[in-house]
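Below: the structure, in structure tokens.
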Amino acid sequence: MTDPHPTEGELAILHVLWKLGAPATVREVHDELLRSKDTAYTTVLKMLTIMSDKKLVRRDESERSHRYVPLHSEPAVQSSMLKTFLQNTFSGSAVKLVQSALADDRASAEDLEAIGKLIAQAKSRRKK
242 MTDPHPTEGE LAILHVLWKL GAPATVREVH DELLRSKDTA YTTVLKMLTI MSDKKLVRRD
302 ESERSHRYVP LHSEPAVQSS MLKTFLQNTF SGSAVKLVQS ALADDRASAE DLEAIGKLIA
362 QAKSRRKK
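End of the sequence shown sits at 369 in our numbering; the numbers just go up one at a time, nothing left out.
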């Protein structure tokens with residue numbers, strides 16, 4: 242299976258499916274998307290069809306209303322997208338990514354503390 246690279250719209254649908262945590266119909270996905278953005282039912286249907294072709298979701302046709310399930314977990318998609326973003330935007334440098342993320346002082350003291358702990362954990366794993 243190739244690394245998933247959903248578009249922005251596809252990612253919005255995947256977020257809905259992950260949130261719902263169960264196979265969902267087009268209507269259920271559409272209703273959830275309407276909470277944050279005016280989206281046509283036919284657009285959601287078309288996108289889910291494309292996502293099925295792209296192997297981002299699986300379509301279960303055993304019932305009258307087809308149900309869709311994501312084929313990749315949220316962490317797997319995030320990791321794939323981050324790798325691509327890191328390579329394309331920061332030439333693969335995690336240091337440049339972190340520098341950019343911290344440069345505008347939006348990270349709270351709690352964020353910085355949590356980041357410090359994550360770095361310590363990563364160092365610990367590398368020593369093993």
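Virtual Cβ for every residue (Gly too), placed ideally from N, Cα, C.
Just so you know, these numbers come straight off a predicted model, no measurement behind them.
For residue j and residue i, believed in contact at Cβ under 8 Å, the rounded distance
i	j	result
LEU274	VAL298	Not really, about 14 Å apart at Cβ, beyond 8 Å.
PRO247	ARG308	So it is not a contact: roughly 19 Å between Cβ atoms.
LEU289	VAL267	6 Å
SER321	ASP244	4 Å
Cβ shell of residue i (< 7 Å), same chain only, five flanking positions each side left out
i	result
LEU312	LYS296, LEU297, VAL298 and ARG299
LEU232	This structure cannot settle anything about residue 232, because the visible part of the chain is limited to 242 through 369.
Euclidean distance between Cα positions of residue i and residue j
i	j	result
GLN362	ALA335	16 Å
GLU269	LEU353	38 Å
ASP345	LYS337	13 Å
LEU359	ARG366	11 Å
SER332	ILE356	22 Å
ARG372	GLY262	A question about residue 372 goes unanswered here, because the residues of the chain that appear run from 242 up to 369.
Simplified DSSP assignment, three categories, for residue i
i	result
ARG305	coil
ALA265	strand
ARG299	strand
PRO316	helix
Cβ-based neighbour list, residue i, same chain, cut-off 6 Å, excluding 5 preceding and 5 following
i	result
ARG347	none
LEU323	none
VAL318	PRO245
TYR282	HIS271
When the options are compared against residue i, the one with the closest alpha-carbon
i	options	result
GLY250	THR284, ARG367, LYS364 and SER303	THR284
SER277	SER293, MET292 and ILE254	ILE254
Nonlocal neighbours in the same chain, by C-beta distance under 8 Å from residue i, ignoring five residues either side
i	result
LEU327	GLY333, SER334, ALA335 and LEU338
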